[in-house]
Structure formats: structure tokens, C-alpha cells
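Protein chains: 2
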Amino acid sequence: MIHVLLAEDQAMVRGALSALLSLEVDIDVLGSAADGEAAWRELQRLKPDVLVTDIEMPGLTGLELAQRIQRQELPIKVIIVTTFARPGFLRRALDAGVSGYLLKDAPAEHLAEALRTVHCGGRAIDPQLALEAWSEADPLNDRERQVLRLAGEGQSAGDIATRLNLSHGTVRNYLSEAIGKLGVANRIEAYRLARQKGWL
Amino acid sequence: MIHVLLAEDQAMVRGALSALLSLEVDIDVLGSAADGEAAWRELQRLKPDVLVTDIEMPGLTGLELAQRIQRQELPIKVIIVTTFARPGFLRRALDAGVSGYLLKDAPAEHLAEALRTVHCGGRAIDPQLALEAWSEADPLNDRERQVLRLAGEGQSAGDIATRLNLSHGTVRNYLSEAIGKLGVANRIEAYRLARQKGWL
DNA sequence: CCCCCGGCATGACGGTTGTCACCCGCGATG
DNA sequence: CATCGCGGGTGACAACCGTCATGCCGGGGG
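In C-alpha cells, the structure reads:
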């Protein structure tokens with residue numbers, strides 16, 4: 355019997371996944387949580403074998419949750435189930451020691467299979483995504499990332515400079531650098547590309 | 355017995371929702387489709403009582419699907435189940451004659467309830483969203499929408515002008531108009547706001 | 001008929017953005 | 001010690017952006 359905890363912020367999806375897993379005779383859904391903090395608490399209370407979690411959740415993300423589990427050396431496997439086919443996310447997930455990474459695009463049956471594989475000590479990583487993950491490294495440094503994030507929200511160079519205690523010229527240098535590294539024409543495209551790759 | 359067709363592009367969510375509805379004794383999931391076109395075909399083949407559909411799908415969106423059903427006067431109720439709490443979407447959905455509009459944030463049980471309500475001729479609209487929907491009208495006209503969409507993809511005024519066979523000055527006028535109407539400072543924020551409201 | 005309005009264009013303005021060359025200070029590395 | 005790299009800053013320049021005033025045209029509505 356595999357004991358599972360589910361973390362997913364969209365209630366309907368959470369309920370539906372729970373229903374899906376309940377249909378499997380060898381899987382027992384102990385409970386579910388709507389955000390990272392709640393998941394962390396339930397994790398310690400229910401001591402499941404496997405945590406199935408989304409990435410984008412309020413409070414604590416699935417990736418941060420995985421990191422915590424790794425640091426505390428809890429005997430709990432982690433499977434990420436997410437919408438985002440972003441190579442950067444998978445890479446960060448692997449660094450956080452997760453055992454599985456599935457896309458919500460994948461057939462529903464894969465989830466139960468992945469649970470069994472992982473429970474037996476195996477790994478379940480979306481194969482085509484695994485290729486991309488190591489193909490292209492994030493070329494941005496921390497400053498460039500910060501600046502791009504703010505630029506993507508419509509902040510001007512001056513605003514960003516104030517926010518980060520930099521001169522507005524320096525901000526423009528970082529943006530220019532990022533734009534150059536990503537091979538695009540302006541900040542908007544740079545933001546979109548970096549976001550799509552999971553680098554922001 | 356309520357006969358349901360499910361349209362949702364993410365396979366795992368599709369399977370999970372199917373599992374969820376299968377647990378209800380009075381609901382029969384006839385089938386499911388991964389995109390709008392497939393849903394339209396299955397609709398005519400399976401003749402369900404209710405279509406449960408996402409909005410964002412490749413090919414044909416859930417809203418367009420609802421429009422088609424309305425135009426052809428098919429005796430099929432439509433329930434939209436979506437991630438997006440965008441007032442503009444709900445308004446367009448209501449114009450397309452849908453009977454239900456639920457958020458994926460809503461508890462899973464709401465879906466089955468909504469199905470029953472709708473099947474009996476009722477409506478199931480997310481209440482707090484319903485308020486917002488009529489509070490704020492879309493202030494943009496067609497040209498402003500087009501221009502804003504392209505601007506949001508990082509296109510410059512010149513690019514957009516070429517794309518739409520306008521002068522680059524005119525494009526800037528439209529952008530300026532949109533920025534003014536939305537009460538923001540630049541095209542990026544204008545794009546984000548319009549998108550968030552479901553106006554793009 | 002005239003007048004007004006909406007779509008489109010122009011030109012001019014000041015501010016912002018993207019690029020580049022160059023500067024400084026500082027820690028690492030030789 | 002020399003010097004190299006790197007994070008941060010300056011200044012200049014061309015291009016672009018956001019704003020505004022102004023103009024033209026065509027189609028209603030009075």
C-alpha cells in the first residue's frame with residue numbers, strides 16, 4: 355500500500371486527482387493540502403510515503419517543499435506534477451532531489467505508474483523534458499534575473515533602480531546584458547523568453 | 355442519469371475529472387476530448403446532455419465551442435470550468451449562452467452539483483465572479499485590443515504598424531489611448547491589466 | 001445641408017530604452 | 001606585487017516610446 359499526500363492549490367484539480375488515485379487499489383490518499391505551508395504540516399503529521407505536489411502554490415512552492423524535505427532528510431519521495439514544461443524547473447527539481455516530474459499533459463494513468471515506480475526506489479521523469487533540461491543552461495546571473503522580473507511587470511529602469519538601490523544606468527546595463535544573452539530585441543521579449551524557459 | 359462530455363486539454367486533469375465524475379451514481383461520462391475540434395466531433399457523435407469544458411484549448415476554445423452550440427441550437431448545456439477568474443471571460447461565456455461557469459479553485463463537489471443544477475434547467479455561476487463581471491466594462495475597441503496584443507509580445511510600434519498596415523504613428527496613438535483608458539503608465543502594464551481582466 | 005465623431009495620419013516634444021566605451025574599487029590568482 | 005576579472009557606475013548617442021495638437025476623410029444624425 356502506497357501512502358500519498360497531495361498538494362495542489364486548485365481545489366477542483368486537487369479533488370479530481372484524489373478521486374483518480376482512490377480508484378487504484380494499492381494507493382491510499384492520506385490527505386491533501388491547498389498550499390505549501392499546509393502541505394509541510396500535513397507531511398509531518400501524516401508521514402506519507404510519497405508527496406505528489408504542484409509547483410505553483412501560494413506561500414511555499416512545490417520546489418521549495420522538495421528542498422525542505424531534502425534538507426531535513428525525511429524519508430518521503432517527491433513527485434512534481436505541473437503544467438509547466440520549463441526545463442529550468444525540472445533542473446531545479448532534480449537538484450532538490452525529487453524522484454518524479456510529470457506534466458499535467460501526460461495521460462492520467464502515468465501518475466499511478468509513477469507512484470509505484472518511485473515507491474520502489476525508481477525515478478519517473480518526463481523523458482522529452484529531461485532532454486531539454488540539460489541542453490540549455492540558464493545564461494542569466496542573479497542581478498539580471500531580478501531586473502528582468504521587475505521589468506516584466508512594467509517597471510521602468512528608474513523604478514527598478516530605486517527598488518534595488520542601483521543607479522538607473524546600471525539597471526539599463528543589466529537589461530542590455532540580458533537582452534543580448536537571450537538574443538532578443540527588447541526587455542519584453544527577454545522577459546517572455548526567460549519566463550518560458552523557467553529561468554526567472 | 356446525466357450524460358456528460360468532457361473537454362480539457364491537460365490529459366492528467368482530464369482523466370482526474372473523469373474519475374471524479376465517475377464516482378457519482380447519477381452521472382455518466384460518455385467520453386472526453388483534448389481540444390475544441392475533437393470536442394465538437396464527439397459532441398455530435400455522443401449527443402451528451404451537458405458539455406463540461408475548459409476555456410484555453412488548442413484549436414477551438416471553450417468559449418467558441420459554446421458559441422457554436424448556441425448558433426446551431428443544439429440541446430446541450432455548457433459548463434465552463436477554468437483557471438481564470440477573468441470577468442471578461444465570464445461575460446463572453448454568458449453571451450455564448452453557457453449555463454455554468456466554475457473556477458478550478460472551487461471545491462471538487464461543486465462540479466457534480468453544478469451538473470445537476472444545470473441538467474434541471476438551472477444556472478451555476480461562480481457568485482463572486484458574477485459580481486465583478488458586470489462591474490467593469492471593457493473600455494478597449496478592436497484596434498486597441500489588436501495593438502495591445504502584439505505589443506505584449508514584444509513587438510515595437512514599427513513592427514505592429516507593418517503587421518496591421520498602419521503607420522507607426524497611428525499605432526502609437528492606439529497604444530497611448532489604451533494606456534490612458536486603463537490608467538497605467540506603459541504598454542507592458544496595459545497589456546498585463548487587459549489580459550488579467552480577460553479583455554485581450 | 002452642416003456638424004460632429006471615429007478611424008487614420010502627421011509632426012513635434014521630452015522622456016525612456018538599448019548600446020557602447022570607459023571608469024573605479026576590490027578580491028582572487030598568478 | 002601585478003594584474004585580471006567582476007560588480008557597479010558614468011556619459012554619450014541613436015532609436016524608440018508616450019503625449020499632444022492638428023489635420024484629413026467618410027458616414028450618420030440633426
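Residue numbers (the working numbering), protein chains in the order written: chain A, 355 to 554; chain B, 355 to 554.
No residue lacks a Cβ here, since even glycine has one placed at the ideal position from N, Cα and C.
Using beta-carbon distances, M366 (chain A) counts as an interface residue toward chain B, with a partner under 8 Å.
If you compare the alpha carbons of A:L529, A:D480, A:G508 and A:W488 with that of V501 (chain A), the shortest gap goes to A:L529. Within the same chain, L417 come within 7 Å of R446 (chain B) by CB-CB distance, once the 5 residues on both sides are set aside. A contact between stretches requires three or more CB pairs, one per stretch, nearer than 8 Å, and the region 467-479 of chain A fails this requirement with the region 370-381 of chain B. For A373 (chain B), the closest Cβ of chain A is nearer than 8 Å.
Residue environment: T407 (chain A) is assigned as buried (16 or more neighbouring CB atoms within 10 Å of its CB, all protein chains considered). Contacts with chain B at 8 Å (Cβ-Cβ) do not include A484 (chain A).
When secondary structure is reduced to three states using DSSP, T415 (chain A) falls in the coil class, being assigned neither helix nor strand. Boundaries of the beta strand (DSSP E) harbouring S386 (chain B): I381 to A387, taken from the DSSP string. In the same chain as R541 (chain B), and ignoring 5 residues on each side of it, the C-beta atoms closer than 7 Å to its own belong to A505, L529 and I533, in chain order.
Comparing C-alpha distances from Q426 (chain A) to each of A:G451, A:R368, A:F443 and A:E486 shows the shortest one belongs to A:G451. Closest by C-alpha distance to M366 (chain A), out of B:T516, B:L374 and B:D363, is B:L374. Annotation: E396 (chain A) to L384 (chain A) spans about 9 Å, alpha carbon to alpha carbon. Distance from the CA of E486 (chain B) to the CA of P441 (chain B), rounded to the nearest whole angstrom, comes to 6 Å. Of all residues in the region 485-497 of chain B, none comes within less than 9 Å of chain A when Cβ atoms are compared. Contact of A370 (chain A) with chain B is assigned, a C-beta pair being separated by under 8 Å. Taking a 10 Å sphere around the C-beta of K431 (chain B), we find 16 or more other C-beta atoms and assign the residue as buried.
For T436 (chain A), the nearest beta carbon of chain B is not closer than 8 Å to its own beta carbon. In the three-state scheme derived from DSSP, where H, G and I count as helix and E and B as strand, A478 (chain B) is classed as strand.
For the 8 Å CB-CB criterion, G390 (chain A) and T415 (chain A) form a contact. Here P481 (chain B) is not near K535 (chain B), since their CB atoms are 8 Å or more apart. For N540 (chain A), the chain B residues whose C-beta falls within less than 8 Å of its own C-beta are G508 and S510, listed in chain order.
Of B:A539, B:H357, B:A420 and B:E543, the smallest CA-CA separation from L444 (chain B) is found for B:A420. Following the DSSP letters along the chain, one finds L405 (chain A) inside the beta strand (DSSP E) bounded by residues V404 to T407. Here the alpha carbons of K401 (chain B) and Y545 (chain A) stand approximately 45 Å from one another. According to the DSSP assignment, V435 (chain A) belongs to the beta strand (DSSP E) that extends over K431 to T436.
Residues are counted here when their Cβ sits less than 8 Å from a Cβ of chain A; for the region 442-471 of chain B these are L456, L457, K458, D459, A460, P461, A462, E463, H464 and L465, given in chain order.
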